[in-house]
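Heads up: the sequence shown at position 174 corresponds to 304 in the working numbering, and the numbers run straight through without jumps. Don't be surprised by glycine CBs; every beta carbon is placed ideally from N, CA and C. All values derive from a computational prediction rather than experimental measurement. The block underneath contains the structure these notes are about, expressed in structure tokens.
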Amino acid sequence: MFGRGTRAATGGALIVEGLAGIDTPGRKRAGLLGSLAILAIGLIFVAAGWFWHSQHVPFPGGGTATGTITGAERSRNNDNRTMYAKVYTFTTAEGREITVTEPETSSTRPELGEKVTVSYRPNDPEAARIVPDHDWLPFGIMAIGALVAVIGLVTFLIRLTTLITGIVLLTSSARRRD
């Protein structure tokens with residue numbers, strides 16, 4: 131079908147393409163290791179989104195209560211912008227009134243008197259957290275991470291196939307020489 135030289139040249143080019151990716155003008159292509167890096171970055175985003183979401187769900191075996199935003203703790207971020215942390219108050223099932231400052235901050239000042247759902251551990255109600263009605267951002271981060279991971283995996287499989295094909299062509303041309 132092809133001569134030895136053509137098979138050897140094609141095999142060598144495919145090996146380079148599989149390992150490093152061959153860039154063309156205006157287009158960067160990831161090789162085998164680059165595709166693994168893309169896969170890893172996607173999985174990191176999935177894990178980060180999952181962790182973030184896990185911080186917004188009720189505590190297992192914990193109690194829930196309706197809390198009220200009673201204040202806002204003001205701070206400055208690295209860009210010297212004003213940031214606000216919600217201060218909320220709720221009453222435990224045992225009747226204890228607890229006030230908590232949320233660790234997350236936002237550039238939007240919270241509305242005083244707003245009702246929030248709070249989850250707390252009965253033995254440590256001061257470590258309560260707000261359970262938002264809608265928690266779309268972590269799911270968006272997970273979805274984008276999953277898409278990037280799939281792209282990395284598909285690219286890895288293509289590069290692996292390219293590498294194996296290159297090795298087969300190169301070795302077949304060497305065997306024919308003997």
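From the options, residue whose alpha carbon lies closest to that of residue i
i           : options               : result
residue 269 : 258, 187 and 233      : 187
residue 211 : 190, 163, 237 and 273 : 237
residue 176 : 305, 301, 273 and 280 : 273
residue 266 : 245, 302, 288 and 179 : 179
residue 245 : 219, 165, 209 and 193 : 219
residue 213 : 198, 197, 232 and 228 : 232
Span of the beta strand (DSSP E), counted from its first residue to its last, around residue i
i           : result
residue 184 : Counting along the chain, residue 184 falls outside any beta strand (DSSP E), though it belongs to the alpha helix (DSSP H) covering 162 to 184.
residue 248 : 245 to 251
residue 263 : Neither: residue 263 is in no beta strand (DSSP E) and is coded neither H nor E.
residue 233 : 227 to 236
Inter-residue Cα distance where the pair is residue i and residue j
i           : j           : result
residue 204 : residue 230 : 14 Å
residue 254 : residue 222 : 11 Å
Where the alpha helix (DSSP H) containing residue i begins and where it ends
i           : result
residue 136 : 134 to 150
Residue i in three-state terms, based on DSSP
i           : result
residue 301 : helix
residue 204 : strand
residue 296 : helix
In DSSP terms, what residue i is bridged to
i           : result
residue 199 : 218
residue 254 : 251
residue 285 : Answer by DSSP bridge pairing: none, since residue 285 is not bridged.
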